[in-house]
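In UniProt numbering, the protein residues as written are 1 to 246. One structure below.
Right under this line is the structure:
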C-alpha cells in the first residue's frame with residue numbers, strides 16, 4: 001500500500017508533491033549516510049543478541065533471537081543461563097543440576113549439549129502450562145463475576161426505565177428475596193432456629209418501624225421453623241408508602 005501510494009501522480013506544485021519530494025530527499029540522504037555503517041556491521045558479523053536468562057514464554061525468547069539476522073542480514077544470538085534463575089529454580093532446577101553433576105562440568109564451561117537444551121525447553125513448557133492454567137482459572141472466575149455484573153446491570157436498567165409503581169414493585173421483590181434468604185439460613189441451623197438473630201439481621205437490611213418492632217415471637221412458624229411470610233411482610237411494610245414505612 002505504501003509503495004502504491006508513493007506511485008500516485010500528484011499535481012505539480014501541490015503541497016502533497018512537495019512533501020513527497022522532501023521525503024525522498026531525506027530517504028536518499030539517510031541511505032547514503034548509513035551505507036558505510038551497514039557495511040561495517042555486516043563485516044563484523046551483524047547484530048549479536050545476548051540473552052541473560054530464559055523467559056517464562058518461549059515466544060519471548062524467539063522474538064529476542066529474531067532481533068538478529070532480520071531480513072537476510074547476518075546475526076547471531078547466545079543465551080547465558082543459570083540453574084538458579086527463577087524459571088529453573090521453581091520449575092525443575094534440580095533435574096538440570098543433576099544433569100550438570102552427571103556431566104561433571106565446571107561453572108565456566110560452555111554447555112552445548114542437546115540434552116541440556118531439551119531439558120531447558122521442557123522446563124519452559126511446564127512454566128507455560130502453569131501460567132496457562134492460571135489464566136484459564138482467572139478467566140473462569142471472571143466469568144462468574146461477569147454473570148453477576150450482567151444481572152446487576154439488568155436490574156439497574158429495569159429500575160431506571162420503570163415508572164414509580166413498577167420500581168417499587170421491583171424493590172419489593174428484592175425485599176422478598178433478601179428476607180427469604182435470611183430466614184432460610186436461620187432454618188438451616190442445627191437445633192432450634194435462632195429467631196432473635198434472624199430478627200436482628202432483618203433489622204440490618206430493612207429500616208422502618210415494621211422491622212424494628214418485629215419480635216422473635218412474630219417469626220414463629222410451623223414445626224419449629226421460622227415464618228418466611230412474616231419476614232417478607234415486615235420487609236415490604238418498611239418500603240416507602242407501604243404500611244408504616246418511612
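Beta carbons: idealized from backbone N, C-alpha and C, even for Gly.
State the CB to CB distance for the pair residue i and residue j, rounded to an integer number of angstroms; the pair is presumed to be in contact (CB under 8 Å).
{"i": "residue 235", "j": "residue 166", "result": "Contact doesn't hold; Cβ gap of about 19 Å is too wide."}
{"i": "residue 68", "j": "residue 47", "result": "5 Å"}
{"i": "residue 42", "j": "residue 74", "result": "6 Å"}
{"i": "residue 124", "j": "residue 58", "result": "5 Å"}
{"i": "residue 158", "j": "residue 170", "result": "6 Å"}
What's the C-alpha gap between residue i and residue j?
{"i": "residue 143", "j": "residue 131", "result": "18 Å"}
{"i": "residue 198", "j": "residue 206", "result": "12 Å"}
{"i": "residue 237", "j": "residue 161", "result": "24 Å"}
{"i": "residue 121", "j": "residue 134", "result": "20 Å"}
{"i": "residue 184", "j": "residue 118", "result": "59 Å"}
{"i": "residue 188", "j": "residue 182", "result": "10 Å"}
{"i": "residue 149", "j": "residue 141", "result": "12 Å"}
{"i": "residue 252", "j": "residue 147", "result": "Limits of the chain in this structure are 1 at one end and 246 at the other, which puts residue 252 out of reach."}
{"i": "residue 209", "j": "residue 174", "result": "19 Å"}
{"i": "residue 18", "j": "residue 33", "result": "23 Å"}
{"i": "residue 191", "j": "residue 200", "result": "19 Å"}
{"i": "residue 20", "j": "residue 27", "result": "10 Å"}
{"i": "residue 95", "j": "residue 114", "result": "15 Å"}
{"i": "residue 55", "j": "residue 70", "result": "21 Å"}
{"i": "residue 151", "j": "residue 145", "result": "10 Å"}
{"i": "residue 25", "j": "residue 72", "result": "26 Å"}
{"i": "residue 245", "j": "residue 213", "result": "Unreliable positioning characterises residue 245 in this predicted model, as indicated by a pLDDT of 44, which lies under 50. A coordinate reading is not provided."}
Opposite residue i in the DSSP bridges: which residues?
{"i": "residue 78", "result": "50"}
If you measure between the beta carbons of residue i and residue j, is that distance less than 8 Å?
{"i": "residue 83", "j": "residue 127", "result": "no"}
{"i": "residue 217", "j": "residue 211", "result": "no"}
{"i": "residue 176", "j": "residue 232", "result": "yes"}
{"i": "residue 219", "j": "residue 230", "result": "yes"}
{"i": "residue 63", "j": "residue 85", "result": "no"}
*Would you be able to state if there are at least three C-beta pairs under 8 Å between the segment 48-56 and the segment 75-88?*
yes
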